[in-house]
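Below: one structure, written as structure tokens.
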Amino acid sequence: MVRPIRMRLYCLGRAYCAQAFSVRSEQPMESASRVGDSHSETVSQPIQGRERTSPGPAASALPRAPTDRPSLGPASQWRQFRSSRPQLLHLVAFFAAYVLGCGFANVLAIVPGITVSIWPPGGVFMATLILTSPYSWPWWIVSGCLAEMFAQLVWFHSPIPAGFLIFVGNALCASVGAMLVSSAIGRPIRLETLQQVLAFVILGAGVAPLASATVGSATLAWFGVKSQTFASVWPLFWIGDATGILLVAPLVLVLVRSWRGGSNPSVERWTEAAVLCLIFLGVAALSLSARFFPSPYIILPFLLWASARFEFRGAAVALTLLTLITMALTISGDSQFIGDAGSQRQQQVMLQLFLVISAFSALVVAAISRQHQLALATARQSELRLQRLIDAVPALIWSATPDGTPSYLNKWATDTTGLALTDLVAANGRRSLTDIHPDDRTATDEALKRAFEAGTTFAGRYRQRRANGPHRWVESRAAPMRDEAGTILQWYGVSVDVKSALLDGALTLSIAHPLERLANEAIKGMIAAVASEGAKASYTKIVPFEMYTRENL
């Protein structure tokens, strides 16, 4: 008798092991798996780069563990590099923008014997690397190198090795800046908060240009380009690269974001933008000219206006217009930053500082404005969710002003009583209590008056109107919400319907306790939710519900 049982158990065990291995052969497994008894065992261990598998029924069907996947070889990396190649049109656009930026820098190089000035290609380069995948960076670096060599031959006339070394510094600046900003802010980079703008300004426009300024100044001094020394060139080189990044990178980010799609402004917004643009152009031309206003900083209020009203887009467009006007006046010789040969270096520094201060101020104000708009949108969403929650609560929720005038009814209250908020306010602006049974109205009004005058919690029972039937008994609770000084800001209350079963003395502890918690916690929850949106709230301890009996009803 024992042997057949053993044989049956043995067959069942074999069948279970076979089924388990057939299922696990179709699903990912870990490197070590034991199923059934010792006769069905599989253990995988990597030894000296090889995988040793002990004999098992399904050893050949086991998939490789995720940790055992081989790393990408040179061929795979080359295929990934080729697949990340940007479109030719984008590379050509980047080349053209880089070359035009170099021409702009050459125009603003107004210091005699100094070949460096504001460097817009740095902003184009860094913004491009920020927006693209790191696998595509070599393509942009090659395109930038060709643009740099072209500009060196056309405008700067530096030796080819010197031009190449200067580009190495520029590429190092853009790469380091893109990596630092991306690691600090994360992708995608939107510059929508003050923290993000400060990270971009400090890391992208402050730290990253240290590399390009050091490499570029050393190169100019080493090759003796126009007898420039490292100490005399480095400050202008660093400020010029930082200015170019602050001025151009935001514009590139805005253009790419607009190209990828965004919100369409209304006609009113377009009208305001056009009027502001005309005012800005006029004031900028007058303030930057040497013949009218004594200071160029008169343009700042209008620059901040554009940043506050149109956020990041307004700041980028306004800074671009300001830069173009500055360039036009500098070329014509009518700029406030044009001086004699002895003071031209100081004027160059003042020009760079003016543009840096303008760009920094505009970006900070745009970030604060955007952050404020996001906070308002979040508050509106929270208010909408709270409104939907209150309307869905199966209780009559209401609020009143500090003097007791009704100010809000949830949807459940209006549907249940058939009354609107205006029906509860008398002609003299006071509460009318038309929803309460005439026999209970006087006592309830006196109780409410005492509570509102003393600022204490209201608790009462009365019969309340129903839209589709007779009056029903309700238990009502209300508590004040106060500010930090103790002043009552609002009253919040909840009324719970006491069903007809309660009139027969059928209320038990299992019904009374949930009812008590419903009213008490509803008031506390409403006050806490409203307080989280604004002023700090405090409330008097709510009087707990009493146990209902036929006698006290």
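Numbering (this note's numbering), first residue to last: -4 to 548.
No residue lacks a Cβ here, since even glycine has one placed at the ideal position from N, Cα and C.
On a predicted model such as this, the values are computed, not experimentally measured, just so you know.
What do you reckon, are the CB atoms on Phe349 and Pro291 nearer than 8 Å? yes
Measuring straight from C-alpha to C-alpha, what distance separates Pro204 and Ile161? 12 Å
From Met345 to Tyr487, what does the alpha carbon distance come to, in whole angstroms? 60 Å
Note down the Cα distance separating Ser222 from Ala169, rounded to an integer number of angstroms. 27 Å
Taking only three categories from DSSP, how would you classify Gly464? strand
Just to confirm, are Gly96 and Pro115 a CB contact at a threshold of 8 Å? yes
Relative to the alpha-carbon of Gly139, which residue among Asp435, Val192, Ala91 and Arg304 has its alpha-carbon at the smallest distance? Ala91
Could you tell me which residues DSSP pairs with Glu470 in its beta bridges? Arg456 and Val491
What residues are listed by DSSP as bridge partners for Tyr403? Ser394
Check this for me: beta carbons of Leu167 and Ala200, under 8 Å apart or not? no
Which residues share a DSSP beta bridge with Gln485? Met476
Sub-8 Å separation of Val561 and Ala357 beta-carbons: As shown, the chain starts at -4 and ends at 548. That puts residue 561 outside it, with no answer to give.
Quick check on DSSP: helix, strand or coil for Val388? coil
In the DSSP assignment, what residue or residues form a beta bridge with Ser330? Ser284
Can you give me the start and stop residues for the alpha helix (DSSP H) that Pro260 sits inside? Looking at the DSSP string, Pro260 is not in any alpha helix (DSSP H), and its letter there is neither H nor E.
Starting from the C-beta of Ile184, find all residues in its chain whose C-beta is less than 6 Å away, skip the five residues before and the five after it, and write them out in chain order. Ile125
List the DSSP bridge partners of Ile363. Note: Ile363 sits in no beta bridge, so no partner.
With a threshold of 16 other CB atoms inside 10 Å of the CB of Leu83, please say whether the residue is buried or exposed. exposed
Applying the criterion that 16 or more other CB atoms from any shown protein chain within 10 Å of the CB defines a buried residue, is Asn463 buried or exposed? exposed
Contacting residues, own chain, Cβ-Cβ under 6 Å from Val251 (five flanking each side not counted): Leu126
Is the beta carbon of Leu316 sitting closer than 8 Å to the one on Ala354? no
From Gln347 to Ala100, what does the alpha carbon distance come to, in whole angstroms? 12 Å
Going by DSSP in three states, Arg426 sits in which element: helix, strand or coil? strand
What would DSSP say about Ile431, mapped onto helix, strand or coil? strand
Could you say which of Ser112, Thr451, Pro389 and Ser490 lies nearest to Leu554 if we only look at CA atoms? Any question about residue 554 goes unanswered here, given that the chain covers just -4 to 548.
Nearest-angstrom Cβ-Cβ length linking Leu283 and Leu319, presumed shorter than 8 Å: In fact, because the Cβ distance is near 11 Å, the residues do not count as touching under 8 Å.
Figure out for me which residue from Asp398, Met476, Leu198 and Glu448 has the closest Cα to the Cα of Ser177. Leu198
Examine the ligand ZN and report whether any of its heavy atoms sits within less than 7 Å of the Cβ of Leu348. Annotation note on the ligand ZN: not contained in the displayed structure, which lists no ligands.
Distance, Cα to Cα, Ala311 vs Val196? 14 Å
Status (buried if at least 16 other CB within 10 Å, exposed otherwise) for Leu369: exposed
Leaving out five residues on either side along the sequence, give the residues of the same chain with a beta carbon under 8 Å from the beta carbon of Ile234. Val344, Gln347, Leu348 and Val351
Give me whichever residues DSSP pairs with Thr420 in a beta bridge. The sequence given here places Val at residue 420; Thr does not occur at that position. Val420 is bridged to Arg426.
Contact belief for Ala361 with Phe275 at Cβ below 8 Å, rounded distance in angstroms: Ala361 to Phe275, Cβ: 15 Å. No contact.
For the 8 Å Cβ check, are there 3 or more pairs between the segment 420 to 428 and the segment 393 to 408? yes
Taking the straight line between their C-alpha atoms, what separation do you get for Leu414 and Glu263? 40 Å
With H, G and I counted as helix, E and B as strand and the rest as coil, what does DSSP make of Thr188? coil
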